[in-house]
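2 protein chains.
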Amino acid sequence: MNIYDVAKMSGVSIATVSRVVNGSDKVSDRTKQKVLAVMEECGYTPNVFARGLGLDSMKTIGILCPDISDAFIAQAVAFLENRLHKYGYDCILGCSGYDTEAKKVHMERLLSKRIDALILVGSTYAGHGKDDNNLSYIYEAAQKTPVFLINGLIEGENIYCCYGDDFQAVYDVTSELICRGKKRILFLCDSYSYSARKKLAGYEAALTDAGYPALNELKFYTKNRIHYVRDMLLEQKDLEFDSVVATDDCLAIGALKYAKIKGMRVPEDICITGYNNSQLSVGCEPELTSVDNHLEKLCDNAIDNMLKVFQGEENVPAKTEIPCNLKKRCTTDF
Amino acid sequence: MNIYDVAKMSGVSIATVSRVVNGSDKVSDRTKQKVLAVMEECGYTPNVFARGLGLDSMKTIGILCPDISDAFIAQAVAFLENRLHKYGYDCILGCSGYDTEAKKVHMERLLSKRIDALILVGSTYAGHGKDDNNLSYIYEAAQKTPVFLINGLIEGENIYCCYGDDFQAVYDVTSELICRGKKRILFLCDSYSYSARKKLAGYEAALTDAGYPALNELKFYTKNRIHYVRDMLLEQKDLEFDSVVATDDCLAIGALKYAKIKGMRVPEDICITGYNNSQLSVGCEPELTSVDNHLEKLCDNAIDNMLKVFQGEENVPAKTEIPCNLKKRCTTDF
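Chain order of the listed sequences is H and X.
The first sequence lines up with residues 8 to 341 when you count with the numbering used here.
The second sequence lines up with residues 8 to 341 when you count with the numbering used here.
The following block contains the structure:
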């Protein structure tokens, strides 16, 4: 018996049950009576939401990420921990890797602790786009505790998502390359995550809108390792391209290393764009034009929403999309 | 009343008290009786060590680091979390920053949770070398729970340290530069942490052994930001140097950017070495020669020792020094 069941049996939303539990005056008396009756009937103890209010709360938040050694994810966890600490919350950290079974195990572990909320860091938790059954463990988690997803979208009750507008960002950068006369734009990617799918869709839409085909041979999937990317590209003897749209800075730098070995001038002979505007983008030479997806804003939004949910606020947005912007440096001529 | 007091009052080590608590047969009957008598007299409940054994344990380890967005630290936490998860332990993560007061607050927070051990990630926790009173909060923590320090040395009961041989690594690289005829070797550093002090000592010793002075003007302290380092070096119009020994890859890449603007060829006109062998060292151009301090070994050692302490093993080493090695790439001619 959990808050989800109470909501279902009362015919109201989880947020409404939360408001009843928290004594909000924004609920009609009729609704309040109905919810309280169901709660009494079921012997339901409203621990999940009460916790967030400091009643029976351990003031502990579970943070699950695939790999904390990834610069983007480490930066997100740094932002989250910093704000959570200010509000008096501790963080239990789980690093699940990218495999669904391992994600389930790690999530179970976090849920078995007395956490007030679960924050998922990374697009990988929004599935691979093929089999949405993969997400059932997240829906189950959301029945026990509010779930906040950073950089991906899962639609479901008690799940709050915040992500950059990756479609538009890649659409814009691809269109810019087309405007500069680029004909063979390589899409360089390392996953099929929610974010990666949005980026691919942006790339394809820009080509289609310009009347170009989106050729499969120009969608290149590889591992997220600089030298690996370089070597994979060098192996493709017949693959020609005059520009690269990469979904991560690390991939873009692999392309930069490739261009150097091939004796291509950047950006004169080949334009390259990265993603995440990481420290790597200023460490390389020439320095990398990269999409900034405003990670700090995404993290701030998740924490803001979390605090609102804890306070039983109405209308906490289930999804928030934040525009990205292109940080122009020296690997493009725009 | 804690295990430390019991040890003191019994006139034995914490490890011996732990062995008594755990029923080890490696303790003489005489000692056992003495310890048990003290425990009974004080009404001591042996929770700390019992926890590690699964008795009354939350199977939770506190990990305190200054900044998880630092690549070196993030990599360490990734290694630690991975192994801890395998042994069934969860991680509570605290990010304290570099200020002593904030470190104390974060440590108190972690200790107030039921943690089985505390892992400190980063040389910063071993103090600034000037005021060792700064370390009293760590000695106090060690009276409550075993403390494991990665990449630094604090000597004290119930504190176990594992660190790279930074002195030797910088001694060797400085000596190599001297052999190559370098006369003005810039030491580029961003802190006064334990590790930074060992590196400085190695630099100075190599110069002294070669009969060179260790000039203060060539010990350059700056922030750990690529462009900041570059700009600070450009501002020093009168500072001349023919090589750079940096205590972090990020600093070294700042020097690389400086060299590019000054039109110096690397390594012909200037040799540059970094530290930590991070992803940045292969992202830059030319790729950076960097000291690898075997972070994974340091983390593995900490976990191995932790498990031994939990099992009440004798002779768990209080300090372990692991040799570093130089990963040679293109910013040096050796």
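Just so you know, even glycine gets a beta-carbon here, dropped at the ideal spot from N, CA and C.
Taken through DSSP and simplified to helix, strand or coil, A325 (chain X) comes out as coil. With distances taken between CA atoms, C186 (chain H) lies nearest to H:D216 out of H:E164, H:N158, H:D216 and H:S202.
For F248 (chain X), there is no enclosing alpha helix (DSSP H), as DSSP marks it with neither H nor E. No Cβ of chain X is located within less than 9 Å of the beta carbon of V236 (chain H).
Between the beta-carbon of N332 (chain X) and that of D299 (chain X) there is about 6 Å, and that keeps the pair under the 8 Å contact cut. Rounded to whole angstroms, the gap between the alpha carbons of C278 (chain X) and V251 (chain X) is 6 Å. Sequence-distant partners of Y178 (chain H) (beyond 5 residues in either direction) whose C-beta falls short of 6 Å from its own C-beta, in its chain, are G209, A212 and A213. The three-state secondary structure of F341 (chain X), taken from DSSP, is coil. If you look at C331 (chain X), you'll find it isn't in any alpha helix (DSSP H); DSSP assigns it neither H nor E. When H:I126, H:L295, H:A149 and H:N223 are compared, the shortest CA-CA separation from R191 (chain H) is found for H:N223. When CB distances to chain X are screened at a threshold of 7 Å, the residues of the segment 66-89 of chain H falling below it are D74, I75, S76, A78, A81, Q82, V84, A85, E88 and N89, in chain order. Looking from the CA of G218 (chain X), the closest CA among X:D12, X:T181, X:K230 and X:E247 belongs to X:T181.
A direct Cα-Cα distance of roughly 36 Å separates P73 (chain H) from Q175 (chain X).
Interface residue (Cβ-Cβ distance to chain H less than 9 Å): C257 (chain X) is classified as such. Under DSSP, G281 (chain H) forms a beta bridge with H:S297.
The straight-line gap separating the alpha-carbon atoms of V13 (chain H) and Y167 (chain H) is approximately 20 Å. Within a 10 Å sphere around the beta-carbon of D106 (chain X) sit fewer than 16 other beta-carbons, which makes this residue exposed. Around F86 (chain X), the same chain offers E303 and C306 as residues with beta carbons nearer than 6 Å, after the five sequence neighbours per side are excluded.
Looking at X:Q286, X:E294, X:C257 and X:L258, the one whose alpha-carbon comes closest to that of V273 (chain X) is X:E294. L142 (chain X) sits away from G69 (chain X), with the two beta carbons spaced by 9 Å or more. If you check each beta-carbon in the segment 105-139 of chain H against every beta-carbon of chain X, the ones closer than 7 Å belong to R116 and K120. Within 8 Å of the CB of Q286 (chain X), the CB atoms of chain H belong to A78, I233, C257 and L287, in sequence order along the chain.
For L305 (chain H), no CB of chain X lies under 9 Å from its own CB, so it is not counted at the interface with that chain. For G101 (chain H), the nearest beta carbon of chain X is closer than 9 Å to its own beta carbon. The C-alpha of G261 (chain X) is placed about 29 Å away from the C-alpha of M239 (chain H).
Straight through space, the alpha carbons of V236 (chain H) and G290 (chain X) are spaced by roughly 12 Å. The residue from X:V28, X:E292 and X:Q40 with its alpha-carbon nearest to that of K267 (chain H) is X:E292. DSSP, read as helix, strand or coil, puts I80 (chain X) in helix. Counting along the chain, G261 (chain X) sits inside the alpha helix (DSSP H) bounded by residues D256 to I268. The beta carbon of S297 (chain H) sits closer than 8 Å to the beta carbons of D256, A259, T280, G281, Y282, N283, N284, S285, S288, L333, K334 and R336 from its chain, once the five residues preceding and following it are set aside; these are given in chain order.
In the three-state DSSP reduction, V128 (chain H) falls in the strand class (E or B). Under a criterion of Cβ atoms nearer than 9 Å, the residues of chain H adjacent to K267 (chain X) are, in order, E292.
For I260 (chain X), the neighbours in chain H by C-beta distance under 8 Å run, in chain order, G290.
If the five residues before and after V19 (chain H) are omitted, its C-beta is found closer than 8 Å to the C-beta atoms of T38, K41 and V42, all from its own chain and listed in chain order. The C-beta of K264 (chain H) has 16 or more other C-beta atoms within 10 Å across all chains shown, which makes the residue buried. With a cutoff of 9 Å on beta-carbon distance, L71 (chain X) and Y132 (chain X) are scored as near each other.
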